[in-house]
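**Q**
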Amino acid sequence: MLKLKGLTKRYATGDLALNNIDLEVPSGQVLALIGPSGAGKSTLIRCVNRLVEPTSGTIELDSKDISNARGGRLRQARRQIGMIFQNYALVERLSVMENVLSGRLAYVGFWRSYFRKFPESDIKQAFELLERVGLETMLDKRGDALSGGQKQRVGIARALMQNPKLLLVDEPTASLDPKTSRQIMRLICELCQEQNLATIINIHDVALAQQFVHRVVGLRAGEIVYDGAPDGLSPEILTTIYGEEDWSVDKRDDEEETSKPKEQDVEAALLGGHP
Amino acid sequence: MPIKIVNDTPIWQRREPLQQRLIWFGYFLALMLFLLCWKIISDNTIWEFLSDAHIQAASLIGRMIPPDWSITGSLLLPLWDTLNIATVGTALGVLIAFPLAFLAARNTSPHPSLRAFALAIIVSSRSINALIWAILLVTIVGPGLLAGMIAIALRSIGFVGKLLYEAIEEIHPTPVEAVSSTGAGRMQVLAYSVLPQIMPAFAGITVYRWDINIRESTVLGLVGAGGIGLQMNAAINNLAWGQVATVFVLIFATVIFSEWVSAKVRHAVI
Chain R
312 MLKLKGLTKR YATGDLALNN IDLEVPSGQV LALIGPSGAG KSTLIRCVNR LVEPTSGTIE
372 LDSKDISNAR GGRLRQARRQ IGMIFQNYAL VERLSVMENV LSGRLAYVGF WRSYFRKFPE
432 SDIKQAFELL ERVGLETMLD KRGDALSGGQ KQRVGIARAL MQNPKLLLVD EPTASLDPKT
492 SRQIMRLICE LCQEQNLATI INIHDVALAQ QFVHRVVGLR AGEIVYDGAP DGLSPEILTT
552 IYGEEDWSVD KRDDEEETSK PKEQDVEAAL LGGHP
Chain H
24 MPIKIVNDTP IWQRREPLQQ RLIWFGYFLA LMLFLLCWKI ISDNTIWEFL SDAHIQAASL
84 IGRMIPPDWS ITGSLLLPLW DTLNIATVGT ALGVLIAFPL AFLAARNTSP HPSLRAFALA
144 IIVSSRSINA LIWAILLVTI VGPGLLAGMI AIALRSIGFV GKLLYEAIEE IHPTPVEAVS
204 STGAGRMQVL AYSVLPQIMP AFAGITVYRW DINIRESTVL GLVGAGGIGL QMNAAINNLA
264 WGQVATVFVL IFATVIFSEW VSAKVRHAVI
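Going down the list, the sequences are from chains R and H.
Heads up, the first sequence is in the working numbering, so the first residue is 312 and it goes up one at a time.
Heads up, the second sequence is in the working numbering, so the first residue is 24 and it goes up one at a time.
(1) On the three-state DSSP scale, how would you describe M394/R?
(2) Quick one: Cα of W233/H to Cα of L54/H, how far?
(3) Do we get a CB-CB distance below 8 Å when we pair P219/H with the residues of chain R?
(4) Going along the chain, which residues of the region 473 to 485 of chain R sit with their C-beta nearer than 7 Å to a C-beta in chain A?
(5) Which residue marks the beginning of the beta strand (DSSP E) containing G529/R, and which one marks its end?
(6) Where does V444/R sit, in a helix, a strand or coil, going by DSSP?
(7) With a CB to CB cut of under 8 Å and the five nearest residues on each side skipped, what residues in its chain are close to A224/H?
(8) Less than 8 Å separating the beta-carbons of V117/H and S179/H?
(9) Any C-beta of chain R within less than 7 Å: which residues of the region 73 to 96 of chain H qualify?
(10) Please classify K571/R as buried or exposed, where buried requires at least 16 neighbouring CB atoms within 10 angstroms.
(11) Taking 8 Å as the threshold (C-beta atoms), are R321/R and L315/R in contact?
(12) Mapping the DSSP letters down to three states, classify H585/R as helix, strand or coil.
(13) Just grab the DSSP bridge partners of G414/R for me.
(14) What do you get for E409/R, buried or exposed, if any count of 16 or more other CB atoms within 10 angstroms of its CB means buried?
(15) Could you please give me the residues that DSSP links to V288/H through a beta bridge?
(16) Can you look up T366/R in the DSSP assignment and give me helix, strand or coil?
(17) Following the continuous beta strand (DSSP E) through L344/R, name the residue where it begins and the one where it ends.
(18) Quick check: the region 204 to 218 of chain H against the region 384 to 400 of chain R, are at least 3 beta-carbon pairs closer than 8 Å?
(19) Which of helix, strand or coil does DSSP assign to D538/R?
(20) Please decide whether A323/R counts as near chain H, where near means a Cβ-Cβ distance under 8 Å.
(21) Give the secondary structure of V336/R by DSSP, where H, G and I count as helix, E and B as strand, and everything else as coil.
(22) Look up D326/R in the DSSP assignment and say whether it is helix, strand or coil.
(23) Hey, quick one: how far does the beta strand (DSSP E) through P33/H stretch, first residue to last?
(24) Tell me, please, whether the CB atom of P135/H is closer than 8 Å to any CB atom in chain R?
(25) Can you say whether G349/R is buried or exposed, counting buried as having 16 or more other CB atoms within 10 angstroms of its CB?
(26) Going along chain H in order, which residues have a C-beta closer than 7 Å to the C-beta of Q463/R?
(27) Which residues in chain R sit within 7 Å of P8/H, going by Cβ to Cβ distance?
(28) Can you tell me whether N507/R is buried or exposed, with buried defined as 16 or more other CB within 10 angstroms of its CB?
(29) Please classify L73/H: does DSSP put it in a helix, a strand, or coil?
(30) May I ask you to list, following chain order, the residues of the region 405 to 421 of chain R that have a beta carbon less than 7 Å from some beta carbon of chain H?
(31) In angstroms, rounded to a whole number, what distance separates the CA positions of I46/H and C60/H?
(32) Going by beta-carbon coordinates alone, are P198/H and L401/R separated by less than 8 Å?
(33) Let me know the secondary structure DSSP gives L502/R once reduced to three states.
(34) Quick one: grab the DSSP three-state call for R423/R.
(35) Does DSSP put R178/H in a helix, a strand or coil?
(36) Leaving out five residues before and five after S150/H in sequence, what residues of the same chain have Cβ atoms less than 8 Å from its Cβ?
So, in structure tokens, the structure goes:
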């Protein structure tokens, strides 16, 4: 589905954010991208939909190279790539419905979208998605009237309105409480399964990632240092990704988590939040 | 941040001693300059005129009271003209300033040369007072309402354009990223992510400028650009202070009214 070859990004300041990344993500796979702050996680997913221009390398979406696409062709490519943001990135003064419908902008003309005359099928899809994310009663509320978890649900619905083939998710839970974080992660992963999407999730919370995803890629200083199953993240590997640290506390919490009832989960997630 | 160790205790000061002394010296120079200016102004003032200023003021106010209400009827049409100059002028100015602001804002400008062009228009419009615009326009399009309207519009372009492009540059960039990443076109990105964010500022700036324009258009009549200023000028020339007072009261009432409208609009949009 998505194939990155030799992807490199050097910022104008001279910082090498990504160094020759090769990565392939098939449809239906949920991939967690972990790594310390500044490792290049955000740069990587922003290069995929070209919010950041890569310095070199190719990005293939459905075997089509989009690394040099411009204008209409770039918009055509972006239409197939949904994106979910850490700070939700809703337009706060627009209603929930308008925010969700903005996922269809690439499918309608300017004046139709300006006067909010979206096709009936789009409206129908928006209702279905809002019901799926549990916001069917909120559609008239303004973006700034929602809680963090609700805003992120709107963000998810907006991304899925695009009928994407690939979903890019940037720290979806970093601003949310532990319980909401789990609900949001579960929702994203379920929807990806239902719609058979390739998905890349940037995430700091290793324990949370391990619980939900199929595959983990560890990034350090712009290079892939781990690519494998979530269970394979041993203390040694975490040390290669994040640097020296006593990971044993984390491990004990994980064990408690599996043996204790649900209230404990929240606490364990909190402790394991930033290894 | 200089830190000295005295008897094992760290002493922290905000600035280096020399830097601190230079700053005090700067304040001292500013004070000297102020006193010098004070002396020059004082030397050039004819203090004899000031000795009976309170008597003059009392006499002028005495001649203004009571206002001459008999001319109120003849002032209503010029007052209506004044309101029209302000309103049409503001509308025209905003119409031109709105697209200009998008060209001038760093984050929405399509090209640096267009940005320079828009900024040049905004600066030149702002650097000339509405009254001066009116003097120029009266000679070009002749005396009357039209000159006043265009004068107000020309002055408003710069004001509204500047404040609006600053508002555009201050928007949150993430919603713009989000809407761009859906594959939306350039105009759609502006309409869905930039426009909603600047709407409160836009409404606020527009009514604020309209409010200023009502006050400015009351004096445009002085140079023949229409409105109540003409009647005020005539009354002053005839030393008919009672009539002048009536004009003041009417202008005051109009400004209060515009204040009320502005408050309503701002409240409605935010």
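All residues carry an ideal CB built from backbone N, CA and C; glycine is no exception.
**A** A quick look at the data gives this:
(1) strand
(2) 39 Å
(3) yes
(4) Of the protein chains in this structure, namely R and H, none is chain A.
(5) Residues R526 to R531.
(6) coil
(7) Non-local C-beta neighbours of A224/H in its own chain, meaning closer than 8 Å and more than five positions away in sequence, comprise L186, L187 and A190, ordered along the chain.
(8) Contact annotation: V117/H and S179/H have beta-carbon atoms nearer than 8 Å.
(9) none
(10) Residue placement at K571/R cannot be trusted, given a pLDDT of 44 that sits under 50; what the coordinates show is reported in the next sentence. The residue is exposed, with fewer than 16 neighbouring Cβ atoms inside 10 Å.
(11) no
(12) The predicted position of H585/R is uncertain, since its pLDDT is 45 and thus under 50; no value can be drawn from it.
(13) Paired residue(s): none; G414/R is not in a bridge.
(14) It counts as buried.
(15) Beta-bridge pairing links V288/H to no other residue.
(16) T366/R: coil per DSSP, three-state reduction.
(17) V341 to I345
(18) yes
(19) strand
(20) no
(21) strand
(22) coil
(23) T32 to W35
(24) no
(25) exposed
(26) The premise fails here: Q463/R is roughly 12 Å from chain H at the closest Cβ pair, so nothing lies under 7 Å.
(27) The structure shown does not extend to residue 8/H, since chain H is modelled only from 24 to 293, so the question has no answer here.
(28) Flag for N507/R reads exposed.
(29) Correct three-state label for L73/H: helix.
(30) L405, S413, G414, L416, A417 and F421
(31) 22 Å
(32) In this structure, L401/R lies closer than 8 Å to P198/H by Cβ.
(33) helix
(34) helix
(35) helix
(36) Annotation for S150/H: G181 place their beta carbon closer than 8 Å to its own, counting only its chain and skipping 5 residues before and after.
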